[in-house]
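J.: After the structure tokens below, expect a handful of questions from me.
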Amino acid sequence: MVDLPAFVTGTDRLKRGFARMQQGGVIMDVTTPEQAEIAEEAGAVAVMALERVPADIRAAGGVARMADPVKVRSIMDRVSVPVMAKCRIGHTAEARVLESLGVDMVDESEVLTPADPFHHVDKRAFSVPFVCGARNLGEALRRIHEGAAMMRTKGEAGTGNVVEAVRHIRQITDETATLQSMNTDQLLQYAEKERVPVELVREVRTLKRLPVVNFAAGGIATPADAALCRMLGVDGIFVGSGIFKAQDPGKTARAIVEASLHYDDPELLARVSGGLGEPMKGVEISTLAPAALLQARESVLRPTP
Amino acid sequence: MTSGTVGVLALQGDVPEHTEVAASIVGPDHVRPVRTPKDLAAVDAVLLPGGESTTLSRLLDHAALREPLLERTRHGLPIMATCAGLILLARELEPSPHGRDPQTLGVLDVKVRRNDYGRQVDSFETKLEVEGLGKDVPAAFIRAPRILSVGPGVRVLARVREDPVLVREGHLWGLTFHPEVTGDPRLHRYFLTESGVLRP
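Just so you know, the sequences run in chain order Z and U.
Residues are numbered in my numbering as their position in the first sequence, beginning at 1, plus a constant of 5.
Residues are numbered in my numbering as their position in the second sequence, beginning at 1, plus a constant of 38.
This is how it looks when you write it as structure tokens:
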């Protein structure tokens, strides 16, 4: 009998490994094959295929859903870099559609209108890897426990204002540091409060970071914004509206790629930041009504009293 | 054991994973990121990580590393290149049906087609029999390229079905998979020992 090696797909190692290959890079929102080409040409490590960029979702109002499969496929046909796409929080059917299309990663995203008020998608049941947003460590751990292979900050998408992304990076960093000083009882209490297994909390304590890569997202509009997030320790950058709402998308995209890689080189940042024209206009967060904050969207099953 | 200095090309990709494996073998003091020609001049071997080959190729030019890397390669610099790294070394790329292909260094005599085992959902893990190392070497193939043909000076050290997946041409090693995400340091150790970087 010949001993054939076994082939396995869809493992945590392959899902998290895919995300690890994106490190240092910039993932860009695109809405057409032409934009995807511009992003690839500029050095994007992946593109996110969308119906509208978050700033336009904000402006349009109504229910924001998964992009048209025809559009997603047309973008997949145009570029060789990985293509990601967003499904609504808890919308397992949209996620299955995107998986069947062959997208390389699904973003279960608060930028779209949530579909399930109680549950997120059971991401372990999929072969395709998922990325999810988080504002704090507990939220990140809940998503990782559900099977997310990559995390990103939620920030506040479509605002061109980096303050919320910075808040979420710092929040996760600070909470991770706090775990170091906790004793066994406190770790158990923390795990219970956040509704995650204590083993996952212990893993984060040992690693001194999340067990998956963590990117910045939500409000990054300039090369310096990307550099700031990288200085604060994230593994890479998502840029949504910041590129194709800028006056010169190609040039802005190239500059953000450079900034993500050489964030600790101020002279280079000065060079690439110059002459880009107008960035997207941007929104002051305090002018947004609480209901307009996308970052607050997390579906939670509350225990009945 | 004594060791030379191992560089990890640190422009984009899974640099931390390669750095960690190399450090577990030669010690953290003997591993350095390579981001500039000056960094490159100070190392005895280079690991080319996985990542996006189109992005990596562009960044080699931006960092002014392409010519120095070619020059040192001509003078025998040992290189272990994984996945996107292998694409950078390849002599020839079969054009991709979609998107742009990167400009390669053209130093390893193989012909390669990118992402040829399918998209991410088709990524797979398996175990390899590696010539000179042994059986059951774990390997993760992530949107892997396929080696379509190898030149006469290239030795095939491992295959999956008919495809070469680990090749060696003198001091240049090319892998279509990722040993750095499996937690098994044997392939890195094998490369560093065979290259004379790690000495008993």
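Positions of the beta carbon are idealized from the N, C-alpha and C atoms, including for glycine.
Between which two residues does the alpha helix (DSSP H) holding PHE23/Z run?
T.: Taking the first sequence and counting its residues from 1, one reaches residue 23/Z at position 18. It spans 17-25 - the alpha helix (DSSP H) in which PHE23/Z sits, taken as one unbroken run.
J.: Within 10 Å of its beta-carbon, does PHE312/Z have 16 or more other beta-carbons around it, so buried, or fewer, so exposed?
T.: Lying before the first or after the last residue shown, residue 312/Z is absent from chain Z, which here runs from 6 to 310.
J.: Hey, is ILE117/U close to the ligand GDP, as in C-beta under 7 Å from one of its heavy atoms?
T.: The ligand GDP is not part of this structure, which contains no ligands at all.
J.: Please say whether LEU210/U and LEU146/U have beta carbons closer to each other than 8 Å?
T.: Within the second sequence, residue 146/U is the residue found at index 108, counting from 1. Within the second sequence, residue 210/U is the residue found at index 172, counting from 1. Cβ distance < 8 Å, so LEU146/U and LEU210/U count as in contact.
J.: Taking the straight line between their C-alpha atoms, what separation do you get for MET6/Z and ARG138/U?
T.: Against the first sequence, residue 6/Z aligns to sequence position 1. Against the second sequence, residue 138/U aligns to sequence position 100. Any reading at MET6/Z must be qualified, since the residue scores a pLDDT of 48, below 50, and its modelled position is unreliable; the value itself is stated next. Answer to the nearest angstrom: the Cα atoms are 44 Å apart.
J.: With 9 Å as the C-beta to C-beta threshold (strictly closer), list the residues of the stretch 178-210 of chain U near chain Z in chain order.
T.: For the stretch 178-210 of chain U, which is checked against every Cβ of chain Z, the residues closer than 9 Å are ALA178, PHE179, ILE180, ARG181 and VAL198.
J.: With DSSP as the reference, identify every bridge partner of LYS91/Z, one or two as the case may be.
T.: Here residue 91/Z refers to the residue found at position 86 when the first sequence is read from its first residue. Answer is ASP112/Z, bridged to LYS91/Z.
J.: How many whole angstroms separate the CB atoms of PRO66/U and VAL46/U, which I take to be in contact at a CB cut-off of 8 Å?
T.: Taking the first residue of the second sequence as position 1, residue 66/U is located at position 28. Taking the first residue of the second sequence as position 1, residue 46/U is located at position 8. PRO66/U to VAL46/U, Cβ: 12 Å. No contact.
J.: Consider the Cβ of GLY89/U: report whether some Cβ of chain Z lies at a distance smaller than 8 Å.
T.: Residue numbering aside, residue 89/U sits at position 51 when the second sequence is read from its first letter. Chain Z, which has a Cβ nearer than 8 Å to the Cβ of GLY89/U, makes this yes.
J.: Can you list the alpha helix (DSSP H) stretches of 4 or more residues lying completely in the stretch 51-90 of chain U, in chain order?
T.: Correct list: 53-64 and 75-79.
J.: DSSP three-state label for THR40/U, please.
T.: As a working note, residue 40/U is residue 2 in the second sequence. In this structure, THR40/U counts as strand in the three-state DSSP scheme.
J.: Can you say whether MET33/Z is buried or exposed, counting buried as having 16 or more other CB atoms within 10 angstroms of its CB?
T.: Sequence index remark: in the first sequence, residue 33/Z carries index 28 (1-based). Burial call: buried.
J.: Do the CB positions of GLU115/Z and GLY138/Z come within less than 8 Å of each other?
T.: Position 110 of the first sequence, counting from 1, holds the residue named residue 115/Z. Position 133 of the first sequence, counting from 1, holds the residue named residue 138/Z. Result yes, Cβ atoms of GLU115/Z and GLY138/Z sit closer than 8 Å.
J.: Kindly list, in the order they appear in chain Z, the residues whose Cβ is closer than 9 Å to that of VAL53/U.
T.: Taking the first residue of the second sequence as 1, we reach residue 53/U at position 15. Neighbours of VAL53/U on chain Z, chain order: GLN28 and GLY29.
J.: I want to verify the contact list: residues of chain Z whose CB lies under 8 Å from the CB of THR242/U, in sequence order.
T.: Residue numbering for chain U in the displayed model covers 39 to 238; residue 242/U lies beyond these limits and cannot be assessed.
J.: Pick helix, strand or coil for GLU207/U, following the three-state DSSP scheme.
T.: Here the question's residue 207/U lines up with position 169 in the second sequence. Looking at GLU207/U - three-state DSSP - the assignment turns out to be strand.
J.: What runs of the alpha helix (DSSP H), each 4 residues or longer, lie entirely inside the stretch 131-209 of chain U?
T.: Those alpha helix (DSSP H) runs which fall completely within the stretch 131-209 of chain U and span 4+ residues do not exist here.
J.: Got a sec? Which residues, its chain only, sit under 8 Å from ILE94/Z by beta carbon, not counting five neighbours each side?
T.: Position 89 of the first sequence, counted from the first residue, corresponds to residue 94/Z. Cβ within range, chain order: GLU113, SER114, GLU115, LEU117, PRO119, ALA120, ASP121, HIS125, VAL126, ARG302, GLU303 and SER304.
J.: Note down the Cα distance separating THR14/Z from GLY67/Z, rounded to an integer number of angstroms.
T.: Position 9 of the first sequence, counting from 1, holds the residue named residue 14/Z. Position 62 of the first sequence, counting from 1, holds the residue named residue 67/Z. Computed Cα separation, rounded: 38 Å.
J.: For the candidate residues VAL203/U, GLY212/U and ASP82/U, whose alpha-carbon lies nearest to that of LEU236/U?
T.: Within the second sequence, residue 236/U is the residue found at index 198, counting from 1. Taking only the C-alpha atoms, the option nearest LEU236/U is ASP82/U.
J.: For the stretch 90-116 of chain Z, which residues have a beta carbon sitting closer than 7 Å to at least one beta carbon of chain U?
T.: Those residues of the stretch 90-116 of chain Z that come within reach of chain U (Cβ to Cβ, closer than 7 Å) are GLU104, GLY107, ASP109 and MET110.
J.: Does any residue of chain U have a CB that is nearer than 8 Å to the CB of PRO216/Z?
T.: In the first sequence, the residue the question calls residue 216/Z occupies position 211. Not one chain U Cβ lies under 8 Å of PRO216/Z.
J.: Check whether the Cβ atoms of VAL219/U and GLU55/U lie closer than 8 Å to each other.
T.: The residue given as residue 219/U occupies position 181 in the second sequence. The residue given as residue 55/U occupies position 17 in the second sequence. Against a cut-off of 8 Å, the Cβ pair of GLU55/U and VAL219/U comes out as a contact.
J.: Assign VAL218/Z to one of three DSSP states: helix, strand, or coil.
T.: In the first sequence, residue 218/Z corresponds to position 213, counting from 1. Looking at VAL218/Z - three-state DSSP - the assignment turns out to be strand.
J.: So, do the stretch 172-190 of chain U and the stretch 104-116 of chain U have three or more beta carbon pairs nearer to each other than 8 Å?
T.: Touching, no.
J.: Consult DSSP for GLY143/Z and reduce its assignment to one of helix, strand or coil.
T.: Here the question's residue 143/Z lines up with position 138 in the first sequence. The answer is helix: DSSP assigns GLY143/Z an H, G or I state.
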